[in-house]
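See below for the structure under consideration.
Protein chains: 2
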Amino acid sequence: MKNLLIKVLVALLLFPIAAFAADSLPSWNDGSAKQSIIAFVEKVTKPGSPDFVPVPERIATFDNDGTLWCEQPAPVQLYFVLDRVKALAPQHPEWKTTEPFASLLKGDLKTALAGGDRAILQLFMATHTGMTTVEFEQIVKNWIATARHPKTGKLFTDMTYQPMLELLAYLRANGFKTFIVSGGGIEFMRPWAEQVYGIPPEQVVGSSVKTKFEMRDGKPVLVRLPELNFNDDKSGKPVAINQHIGRRPIMAFGNSDGDREMLEYTQGGSGARFELLVLHDDATREYGYGPAKGLPDVKLGAFTQTLYDQAKKNNWTVVSMKDDWKQIFAFEN
Amino acid sequence: MKNLLIKVLVALLLFPIAAFAADSLPSWNDGSAKQSIIAFVEKVTKPGSPDFVPVPERIATFDNDGTLWCEQPAPVQLYFVLDRVKALAPQHPEWKTTEPFASLLKGDLKTALAGGDRAILQLFMATHTGMTTVEFEQIVKNWIATARHPKTGKLFTDMTYQPMLELLAYLRANGFKTFIVSGGGIEFMRPWAEQVYGIPPEQVVGSSVKTKFEMRDGKPVLVRLPELNFNDDKSGKPVAINQHIGRRPIMAFGNSDGDREMLEYTQGGSGARFELLVLHDDATREYGYGPAKGLPDVKLGAFTQTLYDQAKKNNWTVVSMKDDWKQIFAFEN
Numbered sequence: 011m012k013n014l015l016i017k018v019l020v021a022l023l024l025f026p027i028a029a030f031a032a033d034s035l036p037s038w039n040d041g042s043a044k045q046s047i048i049a050f051v052e053k054v055t056k057p058g059s060p061d062f063v064p065v066p067e068r069i070a071t072f073d074n075d076g077t078l079w080c081e082q083p084a085p086v087q088l089y090f091v092l093d094r095v096k097a098l099a100p101q102h103p104e105w106k107t108t109e110p111f112a113s114l115l116k117g118d119l120k121t122a123l124a125g126g127d128r129a130i131l132q133l134f135m136a137t138h139t140g141m142t143t144v145e146f147e148q149i150v151k152n153w154i155a156t157a158r159h160p161k162t163g164k165l166f167t168d169m170t171y172q173p174m175l176e177l178l179a180y181l182r183a184n185g186f187k188t189f190i191v192s193g194g195g196i197e198f199m200r201p202w203a204e205q206v207y208g209i210p211p212e213q214v215v216g217s218s219v220k221t222k223f224e225m226r227d228g229k230p231v232l233v234r235l236p237e238l239n240f241n242d243d244k245s246g247k248p249v250a251i252n253q254h255i256g257r258r259p260i261m262a263f264g265n266s267d268g269d270r271e272m273l274e275y276t277q278g279g280s281g282a283r284f285e286l287l288v289l290h291d292d293a294t295r296e297y298g299y300g301p302a303k304g305l306p307d308v309k310l311g312a313f314t315q316t317l318y319d320q321a322k323k324n325n326w327t328v329v330s331m332k333d334d335w336k337q338i339f340a341f342e343n
Numbered sequence: 011m012k013n014l015l016i017k018v019l020v021a022l023l024l025f026p027i028a029a030f031a032a033d034s035l036p037s038w039n040d041g042s043a044k045q046s047i048i049a050f051v052e053k054v055t056k057p058g059s060p061d062f063v064p065v066p067e068r069i070a071t072f073d074n075d076g077t078l079w080c081e082q083p084a085p086v087q088l089y090f091v092l093d094r095v096k097a098l099a100p101q102h103p104e105w106k107t108t109e110p111f112a113s114l115l116k117g118d119l120k121t122a123l124a125g126g127d128r129a130i131l132q133l134f135m136a137t138h139t140g141m142t143t144v145e146f147e148q149i150v151k152n153w154i155a156t157a158r159h160p161k162t163g164k165l166f167t168d169m170t171y172q173p174m175l176e177l178l179a180y181l182r183a184n185g186f187k188t189f190i191v192s193g194g195g196i197e198f199m200r201p202w203a204e205q206v207y208g209i210p211p212e213q214v215v216g217s218s219v220k221t222k223f224e225m226r227d228g229k230p231v232l233v234r235l236p237e238l239n240f241n242d243d244k245s246g247k248p249v250a251i252n253q254h255i256g257r258r259p260i261m262a263f264g265n266s267d268g269d270r271e272m273l274e275y276t277q278g279g280s281g282a283r284f285e286l287l288v289l290h291d292d293a294t295r296e297y298g299y300g301p302a303k304g305l306p307d308v309k310l311g312a313f314t315q316t317l318y319d320q321a322k323k324n325n326w327t328v329v330s331m332k333d334d335w336k337q338i339f340a341f342e343n
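Residue numbers (the working numbering), protein chains in the order written: chain A, 11 to 343; chain B, 11 to 343.
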């Protein structure tokens with residue numbers, strides 16, 4: 011009985027990995043990108059391998075917009091801002107004559123955003139602050155449950171990349187802890203990241219506003235203040251990784267210049283490291299933007315030629331959505 | 011075979027909880043404190059119980075100084091500061107004539123700290139910043155490996171409370187994720203918290219300085235800057251819990267006024283909640299400080315009468331180290 015118990019236990023422990031190894035990434039075409047991922051995971055998880063990494067150090071960080079879900083024609087959080095401005099407009103009659111709100115309410119996004127970072131910050135603060143954290147969480151939950159992509163008409167949460175969902179599950183099955191490290195709002199992502207990505211709130215890192223502890227009617231609450239706490243982009247990403255995780259990732263995934271420093275920081279550690287960038291080169295099934303293959307460059311979420319050259323020089327894996335992904339969205343089938 | 015496999019699997023799944031239930035808290039005397047902990051854990055983990063809490067929401071937060079390890083005659087991090095000032099003094103001849111360094115180097119702690127918060131901040135910045143995060147981690151590791159408590163002569167890491175180590179293990183065995191939420195430095199605790207408490211770096215929350223991403227000789231590093239980033243004390247604790255964890259704890263443990271808001275915030279959530287304060291009333295085996303039973307009050311790490319009254323009013327569990335703990339330190343036996 012004891013021997014049988016041990017055999018069953020060993021079988022149970024080995025089972026998940028063995029099962030996944032069959033084909034844990036079915037939406038990925040066989041090619042160098044898929045092979046580079048599997049080769050890396052196998053070498054860092056194989057006991058006795060010179061590249062073996064203990065489970066607690068298997069940290070993988072993922073950008074969100076353009077890496078885990080679609081960020082075109084505009085980042086999802088911007089649609090949230092637009093809808094919130096419309097919803098709040100009746101309480102703010104002054105917005106009818108005040109920019110950037112006035113243009114936004116007329117549907118003229120271009121003029122609204124002409125004010126640059128200052129206008130964007132104004133729109134974010136007006137829609138993201140002034141309420142408690144619990145109230146904001148509920149606002150986001152209500153919105154994400156029904157908000158739809160302007161082109162496909164699908165829920166934004168269905169605009170997640172099937173190959174990346176498989177990758178998240180594959181890494182977790184191999185003992186990795188998966189984190190989001192995004193320029194997006196930390197409290198905009200947390201309410202749905204667990205259900206959509208299997209990533210719990212404590213593993214979501216993002217940009218944030220300051221909050222203040224207060225007693226309201228004898229109840230302790232945190233109030234969201236109209237003041238930026240942290241901008242989790244570019245060189246802010248390694249800073250936030252250190253602050254939240256306290257360990258250097260061994261794998262990092264991004265798709266734009268905003269992820270450069272996260273990938274550099276990941277690669278700069280000792281031992282085996284893996285970096286990957288998603289290239290949006292499939293205008294038919296998704297959107298075509300970025301430097302390679304003659305695609306037009308875009309400002310927001312840009313994958314510049316400089317980044318592309320650096321990726322090639324540093325041996326970062328570049329995923330061609332067109333060639334490397336058999337399927338992009340789950341709803342395609 | 012299939013039935014047997016299921017039986018074995020079920021047995022294996024149930025085993026850890028059943029085993030711990032025997033007596034997972036052997037260093038706790040039987041009494042209301044121990045009983046309140048076990049009763050709470052049993053009701054939130056029992057499937058079908060009206061108070062059942064799903065595993066991902068079983069978040070427990072612990073203060074460190076005075077809650078998990080001894081903070082007398084002074085917080086451990088202050089001894090680190092003293093030793094670092096001595097070690098760095100040869101590189102800073104000006105310290106011989108500059109306060110608060112001059113008095114500190116003469117061994118006159120009282121005069122050194124007479125400058126109040128400003129003096130303390132100066133001492134911290136001089137010893138905690140200017141190096142990379144990797145360098146600082148190594149400095150802490152080297153120090154903690156040999157630094158000893160001035161009274162007992164034991165390593166500081168042996169000055170951890172055995173009943174609390176048992177409690178951490180008991181909670182984790184019951185599906186809880188355990189976090190440190192301390193006024194101490196986040197990067198002062200992370201290098202040893204995993205080994206000493208079983209709490210990984212990503213579950214350590216504390217005070218911090220700002221860091222800056224830089225390339226040094228082509229290598230990406232984070233440099234620790236002489237600027238406070240966050241003071242994780244009092245109302246800062248709920249703010250940091252929200253920022254790092256993104257969920258309200260269902261259990262919180264502290265020992266001083268600095269933990270009041272963390273316990274209030276924990277209690278303010280819906281569903282079953284548990285709050286506990288450790289009262290230092292054992293001058294023989296540890297230190298006697300705090301309001302109750304006629305003990306003298308102390309400023310640092312104070313458990314004031316106001317807090318004591320609030321604990322009683324709010325039904326927070328108050329642990330008497332003298333009466334509730336059979337053993338305080340592992341080295342006692």
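The C-beta atom is built at its ideal place from N, Cα and C for all residues, glycine as well. Keep in mind the model is a prediction, meaning the values are calculated, not measured.
Does DSSP put residue i in a helix, in a strand, or in coil?
i	result
His138(A)	helix
Ala293(A)	coil
Asp333(B)	helix
Leu115(B)	helix
Glu224(A)	strand
Glu10(A)	Residue 10(A) lies beyond the range of chain A shown here (11 to 343); nothing can be said about it.
Thr77(A)	coil
Phe284(B)	strand
Val65(B)	helix
Phe341(A)	helix
Please report the distance separating the alpha-carbon of residue i from that of residue j.
i	j	result
Leu157(B)	Thr170(B)	Per the sequence presented here, residue 157(B) reads as Ala, with Leu not at that position. Between Ala157(B) and Thr170(B), the C-alpha separation is close to 14 Å.
Glu342(A)	Asp168(A)	10 Å
Ser46(A)	Pro259(A)	17 Å
Leu235(B)	Asn39(B)	46 Å
Leu165(A)	Phe339(A)	12 Å
Tyr275(B)	Asp75(B)	20 Å
Asp127(B)	Thr327(A)	50 Å
Asp242(A)	Thr107(B)	42 Å
Pro301(A)	Phe263(A)	18 Å
Gly268(B)	Phe72(B)	12 Å
Leu408(A)	Glu204(B)	Given a span of 11 to 343 for chain A in the structure shown, any question on residue 408(A) remains unanswerable.
Glu52(B)	Ala43(B)	14 Å
Leu232(B)	Gln87(B)	22 Å
Gly48(A)	Ile69(B)	It is worth fixing the name first, because residue 48(A) is Ile in this sequence and not Gly. Between Ile48(A) and Ile69(B), the C-alpha separation is close to 33 Å.
Thr143(A)	Ala129(A)	23 Å
Thr77(B)	Val150(B)	21 Å
Lys309(A)	Val65(B)	Unreliable positioning characterises Lys309(A) in this predicted model, as indicated by a pLDDT of 47, which lies under 50. A coordinate reading is not provided.
Ser59(A)	Lys323(A)	26 Å
Thr221(B)	Glu271(B)	27 Å
Met261(B)	Lys336(B)	23 Å
Thr121(B)	Leu115(B)	11 Å
His254(B)	His254(A)	6 Å
Glu176(B)	Ser37(B)	8 Å
At what residues does the alpha helix (DSSP H) containing residue i begin and finish?
i	result
Ala49(B)	Ser42 to Thr55
Asn252(A)	Gly246 to His254
Tyr318(A)	Gln315 to Lys323
Tyr299(B)	From DSSP, Tyr299(B) is part of no alpha helix (DSSP H); its letter is neither H nor E.
Arg270(A)	Arg270 to Gln277
Would you give the residue range spanned by the beta strand (DSSP E) that residue i belongs to?
i	result
Ala70(B)	Ile69 to Phe72
Val91(B)	Not the beta strand (DSSP E): Val91(B) falls in the alpha helix (DSSP H), residues Val86 to Leu98.
Arg234(B)	Lys229 to Phe240
Phe263(B)	Met261 to Gly264
Enumerate, from N- to C-terminal direction, the unbroken alpha helix (DSSP H) stretches of 4 or more residues contained entirely within the stretch 143-221 of chain B. 143-154, 172-183 and 196-207
On the three-pair Cβ rule with 8 Å, is the stretch 130-138 of chain B touching the stretch 106-116 of chain B? yes
When the Cβ atoms of the stretch 200-210 of chain B are set against those of the stretch 178-186 of chain B, are three or more pairs found closer than 8 Å? yes
Three CB pairs or more closer than 8 Å across the stretch 83-101 of chain A and the stretch 211-224 of chain A: no
Does the stretch 238-255 of chain B come close enough to the stretch 185-193 of chain B that 3 or more CB-CB pairs lie under 8 Å? yes
Using 8 Å as the cut-off, can you tell me whether the stretch 269-284 of chain B makes contact with the stretch 312-327 of chain B, which would need three or more C-beta pairs spanning the two stretches below that distance? yes
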